[in-house]
Amino acid sequence: MTGTTRQLAEFAAGLTYDKLPAEIAARTKLLILDVAGIMVRARHDAESTASLVSAVERLGQVAGNCSVLGDGRGYTPMAAALVNGSLAHSLDFDDTHAEASLHSSAPIVPAVLAAAEMTDASGKDVITACIVGYEIQIRLAKALVPTAHYDRGYHPTATTGVMAAAAAAGKILGLDADGI
Numbered sequence: 778m779t780g781t782t783r784q785l786a787e788f789a790a791g792l793t794y795d796k797l798p799a800e801i802a803a804r805t806k807l808l809i810l811d812v813a814g815i816m817v818r819a820r821h822d823a824e825s826t827a828s829l830v831s832a833v834e835r836l837g838q839v840a841g842n843c844s845v846l847g848d849g850r851g852y853t854p855m856a857a858a859l860v861n862g863s864l865a866h867s868l869d870f871d872d873t874h875a876e877a878s879l880h881s882s883a884p885i886v887p888a889v890l891a892a893a894e895m896t897d898a899s900g901k902d903v904i905t906a907c908i909v910g911y912e913i914q915i916r917l918a919k920a921l922v923p924t925a926h927y928d929r930g931y932h933p934t935a936t937t938g939v940m941a942a943a944a945a946a947g948k949i950l951g952l953d954a955d956g957i
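In my numbering, the protein residues as written are 778 to 957.
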């Protein structure tokens, strides 16, 4: 791994809660709470939720230790991240980063929450991992030039969100730069 990928992985592995400015940590807490509220509401109000949960059930992904917000059953980590991510964006009230044309929390927070439940991570770990995801996603999306990315038929939230969510989950799982 070299170049930009190496730099992003080293940033992700090296960031600690103690290095965060207090206002950034506080803002991140609000973003997490906001998207969590959206997920709870969407679990009961979004039209797509029933079919998504049904598909996850048929795939045998409801026998796990991870949570879908607003649902009392346990899900596998993959299914919890998938369903929570879908819920986070389904009502279209999730946060945005205008310059990068993103809904950052929808892909990142669900992946972090699932990984956090796997490892019994602390709240500080969750905040730090979300910031890792936000930073990586925003930087990648801005580098893609969002309007040009849309013109090619892509949505920056999805294309950069998957990489950011993976890095953020890797942070929670304790991976080093090579693992991330």
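Glycine included, each C-beta is placed from N, C-alpha and C at the ideal position.
Per DSSP, reduced to three states, the secondary structure at residue 879 is strand. Taking a 10 Å sphere around the C-beta of residue 842, we find fewer than 16 other C-beta atoms and assign the residue as exposed.
The DSSP assignment places complete beta strand (DSSP E) segments of no fewer than 3 residues inside the segment 840-923 at 843-845, 848-852, in order along the chain. Contact check for residue 949 and residue 893: beta-carbon distance about 5 Å, within the 8 Å limit, so the pair qualifies. Its chain contains 877, 878, 879, 933, 937 as the residues whose beta carbon lies nearer than 7 Å to that of residue 918, once the 5 sequence neighbours on both sides are disregarded; these appear in chain order. Residue 819 holds the alpha-carbon nearest to the alpha-carbon of residue 868 among 819, 900, 922. As the crow flies, the alpha-carbon of residue 827 is around 20 Å from that of residue 884.
Remark: C-beta atoms of residue 860 and residue 833 approach each other more closely than 8 Å. Judged by DSSP secondary structure, residue 792 falls outside any alpha helix (DSSP H); it is assigned neither H nor E.
Here residue 798 is exposed. Its C-beta has fewer than 16 other C-beta atoms within 10 Å.
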